[in-house]
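S.K.: Below: one structure in C-alpha cells.
Protein chains in written order, with UniProt numbering: chain A, 1 to 502; chain B, 1 to 161.
Below is the structure:
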C-alpha cells in the first residue's frame, strides 16, 4: 500500500509541466545521441551536466536519467539501419538487426526492439520500486568498512570488464583515485597536489574531466577516420511485428529483461554486458542457433530488452547505497552532488518526492520513447545523414561552453582540453578512460570510508574481512583480480570485455 | 602480428612507454604521499591513501612493463597506421591555441576562428557554409547565454563579448 501511495506521489512530481518538459528533453537527446554513432550517453550527459544547475534537482536528474535510457532505445535504430552501433550497448543488435533490415524486415526489427525495450524498461521500474526501498533499509546498517569494500568491488568489476589488459585498467583506476584526491583533505583540510593553484583547492571538477575524456577525446578519435554509412534506404513499413515474430520474441524479451536487470544491479556491470550475455543465452537456448547472425529476431529482442532492463537496474546501487555501478551512474551522482544531495539509504526517506518522482518520470519517459521511436522513425533516419564534419566542431564548441558555464572559470576549459588530449593518447595506447572516471568519483568516498574504518577499528585491518558483507565483497574482488591469470578465464574476460566509452 | 609491428625490448614499443609513464607517475604519487604525512594505521594522515595508491600504480606499471618486455607490444608508429593521424593533431593544435587565446581575446574572438578552422580542417566544409556556421553558431550561443541566461562569457582585453 505504501508503495502505491509513494508511486502516486512520484507521478504527482513527474507530471509537473516543467518535469515533463525536462523528461522529454532528456529522452529526445538520449535518442539523438543513441542514433548518432560516435557520441554515447556518457558524452551527452557530461555535456548537459551543467544544464542541470539551472533547474530543480528533480528536473535535472529526470533529464539526465532520460538521456541514459533514451540512448538505449536510440542505439538500436543505428545498429539496425546503418550497421554501426549508436552506443556500446547496441553492438550486438547490429549482428541480426542489420541482417533483418537487409532482408527488408527493418520494420519488425525496429518494432520488436522498441516494444522489447518498453517491456524491459517497465519491468525494471517496477522492480526498482519494490527492491530499492527494501535495500535502502538494509543499507542503513552499512558501516564505512562495507562501503569501502563495495566500492573496491565495483572498481575491480569495471576493470575486469574493461577492454585491454587488466593492469592497464587498474592503473587507470589508481590514477582516477589520485585525481579524485586533489584538493583539500576532507579530514585535515590540508591541500593535496594543488601545486599552489587556487583553482585546485576545491579539487578537479568532474565536468571538465568527463567532457575531456569522453567528449573531446571521442571527437579526436573520430576525426582519424572517414565515417562511412551504409544506410538502408528502403521505406520502413510494418513496424508492428507479426504474430510469429511476437511468438519468437516473447521468451527472449522475458529472459533478457530478467538477466539484464540483475546484471545492471551488479557494480561494474551494466547495459553492455547485459546485451552480450542475453545474445549468448538466446543463441545457446535456440533450437536453430545457425539462424543467429543471419537475421534472427531473437538476436534483436533479447539484447535490446536486456540493455534497457540493465539501465533501470543500475539505478538501484546508486539510489540505495550511493555507489554508482558504472560511469553513467557516476555522472548522475555528480548531478546529485551539484544540487547538494547525497544519494544513499536515506535519500528515499528524506527526499521521497525526488526518488519517487525520478522513478515515475522514467515510466513516463518510456512511454515517450515508444512514441518517439516508432512513429517518428523517419526523422531519426534523416538525422543519420547529418555530416560529421559539421557535427564534430559543434560538439567541441558545446563542450567548451558547457564546461565554462558549469563553473564560470576559464581554468576548467584548460583542464577539459588537457584531459581531451590525454584521453586521446590514452585510447590510442589502449588505456580505457571508464575505470579512471569511476575511480575519480569514488576515490574521495573510498578514502574517507577507509580512514574512518581504520580510526573506528583502531587500525585493525581484519575489520574489513570480519564484517560479512565487507568480507564477501573483498573476496569477490580478489577472485576477479586473480582470474585473468588463469588462461581459460582470461579468454572469457576478453569475450565479455566492453568499451564503456562508445 | 609481424615483427615490425610487435617489438619487445625496443624503444618503439608503445606498451613499454605506457608502463614507464605509469611508473613515473606512481613514483611521483608515492613521493607526494610521503611529503603530505602518512600518519599511522590508527590515524591515517593526508598522504596515507596517496602513498599506497602510488605503490599500487608502480606495481601495475611494473606488470605492464614486464608484459611489454616478455610478450612484446605494438610499435608507437603502428598505433597510428592507416589512420589520418594529422587530423587529430591539427584539432589538438587548434584547441591548444584556443585555450591560450580564450582569456586575452574573449569568447567571440577566439571561438569564431576556432570553429572556422575546425570546419575547414577536419573534412573541409565549403567556405560558403563554413563561414556562416563559424560566425552564427558562436554568436548565437553567446547571445543566448549572455542575454537570456545572463551568463557572463570571457570578454577579453578588447571587451568584445
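Even glycine gets a Cβ: it sits at the ideal position worked out from N, Cα and C. Predicted, not measured: the structure shown is a model, and the values here were computed from it.
Taking the straight line between their C-alpha atoms, what separation do you get for residue 431/A and residue 172/A?
M.R.: Those two C-alpha atoms are separated by around 7 angstroms.
S.K.: Do you know offhand how far residue 35/A's Cα is from residue 79/A's?
M.R.: Residue 35/A and residue 79/A: Cα-Cα distance of roughly 8 angstroms.
S.K.: Using 8 angstroms as the limit for Cβ to Cβ distance, is residue 13/B near chain A?
M.R.: False, the Cβ-Cβ gap to chain A never drops below 8 angstroms.
S.K.: Could you check the C-alpha separation between residue 501/A and residue 40/A for me, to the nearest Å?
M.R.: No answer about residue 501/A holds up, because its pLDDT of 40 lies below 50 and its placement is not dependable.
S.K.: Would you identify the three-state DSSP class for residue 75/B, choosing helix, strand or coil?
M.R.: Three-state result, residue 75/B: strand.
S.K.: Round the Cβ separation of residue 345/A and residue 6/A to the nearest angstrom and send it over; I've been treating them as touching at under 8 angstroms.
M.R.: Rounded, the Cβ-Cβ distance is 16 angstroms, inconsistent with contact.
S.K.: Among 17/B, 131/B, 154/B, whose alpha-carbon lies nearest the alpha-carbon of residue 69/B?
M.R.: Closest option to residue 69/B, Cα to Cα, is 17/B.
S.K.: Under a Cβ-count criterion, where at least 16 other Cβ atoms within 10 Å of its own Cβ denotes burial, should residue 81/B be classed as buried or exposed?
M.R.: With fewer than 16 Cβ atoms within 10 Å of its Cβ, residue 81/B is classed as exposed.
S.K.: In the segment 44-85 of chain A, which residue ranges form an unbroken alpha helix (DSSP H) of at least 4 residues, counting only runs that do not cross its ends?
M.R.: Correct list: 57-82.
S.K.: Determine which residues of the segment 296-320 of chain A have a Cβ less than 8 angstroms from any Cβ of chain B, and write them out in chain order.
M.R.: Flagged: no residues at all.
S.K.: Nearest-angstrom Cα distance between residue 499/A and residue 261/A?
M.R.: Confidence at residue 499/A is low in this model, with a pLDDT of 45, below 50, so the placement of that residue is unreliable and no value is reported for it.
S.K.: Mark residue 290/A as exposed unless 16 or more other C-beta atoms lie within 10 angstroms of its C-beta, in which case mark it buried.
M.R.: Classification for residue 290/A: exposed.
S.K.: Between residue 405/A and chain B, is there a C-beta pair that is closer than 8 angstroms?
M.R.: True, the Cβ-Cβ gap to chain B drops below 8 angstroms.
S.K.: Only counting runs of 4 or more residues, tell me where the alpha helix (DSSP H) segments fall wholly within the segment 177-214 of chain A, in order along the chain.
M.R.: Qualifying alpha helix (DSSP H) stretches, in chain order: 206-210.
S.K.: Please identify the residue among 386/A, 395/A, 191/A, 175/A whose C-alpha is closest to the C-alpha of residue 54/B.
M.R.: The residue with the shortest Cα to Cα distance from residue 54/B is 175/A.
S.K.: Tell me, please, whether the CB atom of residue 68/B is closer than 8 angstroms to any CB atom in chain A?
M.R.: No, its Cβ sits nowhere closer than 8 angstroms to a Cβ of chain A.
S.K.: Who are the neighbours of residue 170/A on chain B, taking C-beta pairs under 7 angstroms?
M.R.: Within 7 angstroms Cβ-Cβ: 60.
S.K.: Could you tell me which whole alpha helix (DSSP H) segments of length 4 or greater appear in the segment 98-166 of chain A?
M.R.: Whole alpha helix (DSSP H) segments, 4+ residues: 106-139, 144-161.
S.K.: Tell me whether the segment 143-163 of chain A and the segment 94-107 of chain A touch, counting them as touching only if at least three CB pairs, one residue from each stretch, are closer than 8 angstroms.
M.R.: Judged by Cβ distances under 8 angstroms, the segment 143-163 of chain A makes no contact with the segment 94-107 of chain A, as fewer than three pairs qualify.
S.K.: What number of angstroms, rounded off, separates the C-alpha of residue 1/B from the C-alpha of residue 292/A?
M.R.: Legend: pLDDT at residue 1/B = 44, less than 50; position of this residue unreliable, value from coordinates given subsequently. Rounded to the nearest angstrom, the two C-alpha atoms are 30 angstroms apart.
S.K.: Compute the minimum distance between the beta carbon of residue 345/A and the heavy atoms of the ligand COA, and state whether it is under 7 angstroms.
M.R.: This structure simply doesn't include the ligand COA, nor any ligand for that matter.
S.K.: What is the rounded straight-line gap between the Cα of residue 33/A and the Cα of residue 26/A?
M.R.: Near 11 angstroms, if we compare the C-alpha coordinates of residue 26/A and residue 33/A.
S.K.: What whole-angstrom Cβ distance do residue 303/A and residue 275/A have, given they're in contact under 8 angstroms?
M.R.: Correct: roughly 4 angstroms between the Cβ atoms.
S.K.: Mapping the DSSP letters down to three states, classify residue 501/A as helix, strand or coil.
M.R.: At residue 501/A, the pLDDT of 40 sits below 50, so the modelled position is not reliable; the number obtained from the coordinates is stated separately. Coil, per DSSP.
S.K.: Can you list, in chain order, the residues of its chain whose CB lies under 8 angstroms from that of residue 20/B, leaving out five sequence neighbours each side?
M.R.: Hits under 8 angstroms: 61, 65.
S.K.: Counting only runs of 4+ residues fully inside the segment 373-442 of chain A, write out the alpha helix (DSSP H) ranges in chain order.
M.R.: Runs found: 377-383, 388-407, 410-428.
S.K.: For residue 143/A and residue 59/B, what's the separation of their Cα atoms in angstroms?
M.R.: If I take the Cα positions, the gap works out to 29 angstroms.
S.K.: Does the CB of residue 137/B have a neighbour CB from chain A at under 8 angstroms?
M.R.: So, interface residue.
S.K.: Measuring alpha carbon to alpha carbon, tell me which of 125/A, 191/A, 68/A ends up nearest residue 204/A.
M.R.: Nearest of 125/A, 191/A, 68/A to residue 204/A, Cα basis: 191/A.
S.K.: Whose CA, out of 73/A, 13/A, 50/A, lies closest to the CA of residue 30/A?
M.R.: Of 73/A, 13/A, 50/A, the residue nearest in Cα terms is 73/A.
S.K.: Taking the CB atoms as reference points, tell me whether residue 393/A and residue 92/B lie closer together than 8 angstroms.
M.R.: The answer is no: Cβ separation not under 8 angstroms.
S.K.: Specify the secondary structure class of residue 34/A as computed by DSSP and reduced to three states.
M.R.: Three-state DSSP puts residue 34/A in a helix.
S.K.: What does the alpha-carbon distance come out to for the pair residue 316/A and residue 438/A?
M.R.: So the two alpha carbons sit approximately 17 angstroms from each other.
S.K.: Which full runs of the alpha helix (DSSP H) of 4+ residues lie inside the segment 437-487 of chain A, going along the chain?
M.R.: DSSP runs (the alpha helix (DSSP H)) wholly in the segment 437-487 of chain A: 463-466, 468-482.
S.K.: Give me the chain A residues within the contact set of residue 63/B, using Cβ-Cβ distance strictly less than 7 angstroms, ordered along the chain.
M.R.: Going along chain A in sequence order, the residues near residue 63/B (Cβ under 7 angstroms) are 167.
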